[in-house]
Every structure is written in C-alpha cells, then in structure tokens.
Amino acid sequence: MRVGGRAEWLLEPATPEELCQAVAAVREHGLRLRVLGGGANLLICDGLLEGCVIATSRLRRVFRPAGGDGGDPHELAEASGRVAPAPLEEDPRLVAWCGATLQGLVRRAQELGLSGLEMLAGVPGHLGGGVAMNAGGRLGWMWDVVERVRVLGGDGAVVDLAREECAPAYRDGNLGGRIVVSAVLRLEVDHPSLVRERTREVLLAKNAVQPVVEASSGCIFKNPDPEISEGRTAGQLVDACGLKGLSRGAALVSPLHGNFIVNRGGASAEDVFGLIADVRERVAEATGIELGTEVQRWRNGD
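Residue numbers (numbering that gives the first Met the number 0): 0 to 301.
Pasting the structure below:
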C-alpha cells in the first residue's frame, strides 16, 4: 500500500537461527514484537510504530529437501553434507524459508516443472504471511500444498506441525499466533511449459479484474457468509452499493474491483483506515451486512 511510518526498532535476521535469536532478544527486553513479511495484507500506522519489528526479507531461501537418509526436510542439503535431492518423481517437494516471496516460489516451481502453486501467480507477499493467513482464492489456497510447517511459539520452542494438526480455514492458517519459520510444500510433477502456461492464464485473468499493478494491500474485506449475503462476495457488495471510486485523501476504492483500496500517490495510513470505515458503514446501512476486514492493522495501542 506504501503507507505508514517507521519502526522504533528493526531487526533483519538472515537465517532461521537468527530469527529465533531475534525473537528471544525482543521478548527478553519486554518490547512489543511484530513480524513483517512482504507487507501484503497489512496496513501500518503513520508516524513512529512503538516496539520492535522483525523483517523476514533476508530469509528467502527456496530449496529441494535433501534425499538419501530421510532426514529433516527443512534443513539445507549443502549445510547438512547429505546427498543431493532425490529425483523429482520420487520427491516433488519444495522447502521455503518464511521470507521467500510467493512469486519467487511460483517461478521456482515453474522452472522445475512442479505444479500446485499456479493459483498464487500475482499474489504479493512472502511465504510466512501466505501460510499464516492461508493466501489464495477461488483457484486454490496456500494450505492446499503445505505438507508441514515449522513455527516458533511464544515459549521460544520450535515445533514442526503437519497440516492435519493445524486445520487451516478460510483466510486463517490457524497457527495460534505462532511465527512461521519455514514450510514444506508438496507439489506434483508436470512439464515446465504446461505449468508456465497455466501460470500465465491465472495472471491474465487476475490482471483483467484486479488492480495488480497499483499500490494496494490486496483484498481489504473478508467475504461474508454466503447464506447471509445471498452468495455475494465482499467486492460485489461494495460494487452494488455504488462505492467503487469512493475516496478519502489519496486512498481510492478501485474502480476495477470493489474489494481493493489503492494508493493514488501520497495517501496516509489514516486515509486508508478512514476509507475502510466509510465503506463498512455504507455497506452495513444499505444491506445490513457487517464486512469483516481481512487486512491486518498495526497501530500503537492495539
């Protein structure tokens, strides 16, 4: 969205071990802890944000698990000294650290001829946030391909969780506030050209109906219960209320998609917060439906 101020403290770990050490240090000093991925699905307040932000952008490794001895798939093959990965047909998995971009993952899978991530084409953000909030949409969800996730809990313990232990849901990886360290993704072998073509088709479809190239935080509102909304999505409700093009300051409800707010240049976080409140109020007045927000907000005192 390109709004918001600056962090009081900022740490940028480069390995999972450094991430765990950084979290422990912040907690030891009694600071408010926030973990920043790619900034998608997030709005940060203007001015100084109190506490410490840990940015994961340096934790961007993507690799295939080492084969040969059934070891820890989260571990780098070159670091462990084990043999090279097994053939793709035997082990079609990718491992990614939390700071890996979703688009980097899509490209890596495409290069290898691994199918399953095409639905994430055009989705901004990093793996950590994608797993935590179950990124995706009608074409599929992040947790459709997550086999295991490594998380850091509030007690400082690192735990590996299988998909069945998390029970992910709509827009929620159900991790209980634990921090994603890395994840193992189980994909399917396919020809690279076919994966590339499906990825291109997904991108074309999204570009036609979403403001992909504009500054936004992705979808702002969660889709309501279809029984309450008569099957209408949040974007369709905003559109039906004639709110496309509604603005506050330089923040604008996208004329292309009612569930996106874009920054036309120079918008403040307060512009965006205010516009979200305006849309929620007017949709509730017109339809009786209270739209819940999908985008996360970081503000002092929250």
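Idealized CB from N, CA, C, for every residue including glycine.
If you're wondering where the values come from, they're calculated on a predicted model, not measured in any experiment.
Those residues which DSSP pairs with F220 across a bridge: Start at 1 with the first residue of the sequence shown, and residue 220 comes out as number 221. Paired residue(s): T292.
For I227, the nearest candidate out of M118, G287, G264, A39 (CA to CA): Numbered from 1 along the sequence shown, position 228 holds the residue referred to as residue 227. Of the candidates M118, G287, G264, A39, the one whose C-alpha sits nearest the C-alpha of I227 is G287.
Inter-residue spacing [alpha-carbon to alpha-carbon] between R177 and G115: Here residue 177 is taken as the residue at index 178 of the sequence shown, counted from 1. Here residue 115 is taken as the residue at index 116 of the sequence shown, counted from 1. Straight-line measurement puts the Cα of G115 at about 25 Å from the Cα of R177.
Distance between A276 and V52 (C-alpha atoms, nearest Å): The residue given as residue 52 occupies position 53 in the sequence shown. The residue given as residue 276 occupies position 277 in the sequence shown. Taking the straight line joining both Cα atoms gives about 26 Å.
Complete beta strand (DSSP E) runs within the region 87 to 159 (minimum length 3 residues, chain order): For the region 87 to 159, the full-length beta strand (DSSP E) segments reaching 3 residues or more read 92 to 96, 145 to 151 along the chain.
Proximity below 8 Å, CB of P307 to CB of F259: Residue coverage of the chain in this structure runs from 0 to 301, which leaves residue 307 outside it and unanswerable.
Cα-Cα separation between A120 and V105, rounded to whole angstroms: Numbered from 1 along the sequence shown, position 121 holds the residue referred to as residue 120. Numbered from 1 along the sequence shown, position 106 holds the residue referred to as residue 105. If I take the Cα positions, the gap works out to 6 Å.
Alpha carbon of L242 to alpha carbon of W297, nearest angstrom: Locating residue 242 in the sequence shown gives position 243, where the first residue counts as 1. Locating residue 297 in the sequence shown gives position 298, where the first residue counts as 1. Rounded to whole angstroms, the separation of the alpha carbons of W297 and L242 is 25 Å.
Under 8 Å between C-beta atoms of A99 and L48: Translated into positions along the sequence shown, residue 99 becomes position 100. Translated into positions along the sequence shown, residue 48 becomes position 49. No, the Cβ-Cβ distance between A99 and L48 is not below 8 Å.
Cut-off 6 Å between Cβ atoms - residues of its own chain near A134, not counting five sequence neighbours on either side: Here residue 134 refers to the residue found at position 135 when the sequence shown is read from its first residue. So the qualifying residues of the chain are V122, M141.
Same chain only: Cβ atoms within 7 Å of R33, ignoring 5 sequence neighbours per side: As a first step, residue 33 is located in the sequence shown; it is residue number 34 there, counting from the start. Spatial neighbours of R33 in its own chain (CB-CB distance under 7 Å, excluding positions within 5 residues in sequence) are listed in chain order as G50, V52, W297.
Segment contact, 8 Å Cβ cut-off, at least three pairs: the region 193 to 205 with the region 142 to 149: The region 193 to 205 makes no contact with the region 142 to 149; the number of CB pairs closer than 8 Å stays below 3.
Contact check, Q92 vs V183, beta carbons under 8 Å: Residue 92 sits at position 93 when you count from the first residue of the sequence shown. Residue 183 sits at position 184 when you count from the first residue of the sequence shown. Gln is not the amino acid found at residue 92; the sequence shown has Arg there. V183 sits close to R92, with the two beta carbons spaced by under 8 Å.
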